[in-house]
Amino acid sequence: MAKVYVKINCKVSDKYCGKCCYNTEMILFREDVERLVKLGYKTEYFAVKREGKLVLRNVDGHCVFLDPSTNKCTIYPHRPIGCRFYPLVYDVSSGEVVVDKECPRYKEALRYIKTHGHLLKRILAREGII
Ligand code: SF4
């Protein structure tokens, strides 16, 4: 699983964009929680419960794992599965995987819908989310 991810350039004008890490609502899967706990983080440090699901915790308006001085993810190699798929997201109303147009690089990710969309749906189904 760890090798499956969407590869896009997260830099805009030579700086990390970080947009997707502000006011994040990224859902955490069981294996995300297990991986981060193994790294030594306490669940209550990085996660909050929303509508019965665990999501990343925000601190000062950004993900607890974001370094706001650089907009870099401090756990990048261990980041949650949802972050690896972003800007691919599941659209509840259509039931399809789409790209989040909030991402400045979303056009680069369009090609991943065909190759990765079904994988994301499979994981969401396995986790009982869809
Ligand atoms: S875990 Fe990393 S990539 Fe995911 S929202 Fe937090 S800072 Fe961003």
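Note that the numbering used here numbers the sequence shown so that position 96 is 96, with each residue one more than the last. The beta carbon of each residue, even a glycine, is placed where N, CA and C say it ideally should be. What you are looking at is a predicted structure, and each value in this text was computed from that prediction instead of being measured.
Within-8 Å CB hit, residue i to chain B
i          : result
residue 41 : Structure shown: chain B not included; a single protein chain is present.
Which listed residue (the options) has its alpha carbon closest to that of residue i
i           : options             : result
residue 69  : 37, 93, 17 and 96   : 17
residue 107 : 95, 116, 128 and 88 : 88
residue 14  : 72, 92 and 33       : 72
residue 20  : 96, 66, 43 and 75   : 66
residue 32  : 12, 96, 64 and 56   : 56
residue 46  : 104, 10 and 58      : 58
residue 93  : 6, 7, 41 and 130    : 130
Own chain partners of residue i with C-beta closer than 8 Å, once the 5 adjacent residues on each side are dropped
i          : result
residue 78 : 35, 36 and 39
Beta-carbon contacts of residue i that lie in its chain and below 7 Å, excluding the five residues immediately before and after
i          : result
residue 22 : 61 and 62
residue 2  : Residue placement at residue 2 cannot be trusted, given a pLDDT of 49 that sits under 50; the coordinates are not used to answer.
residue 12 : 104
Where residue i falls: helix, strand or coil (DSSP)
i           : result
residue 103 : coil
residue 8   : coil
residue 129 : coil
residue 110 : coil
residue 42  : coil
residue 59  : strand
residue 30  : helix
residue 2   : Any reading at residue 2 needs caution, since the residue's pLDDT is 49, under 50, leaving its predicted position unreliable; the model's value is listed next. Coil.
residue 86  : coil
residue 17  : coil
Cutoff 6 Å; reference residue i; Cβ partners in own chain excluding five residues on either side
i           : result
residue 127 : 29
Are the region 75 to 89 and the region 19 to 26 in contact at 8 Å, needing three or more beta carbon pairs? yes
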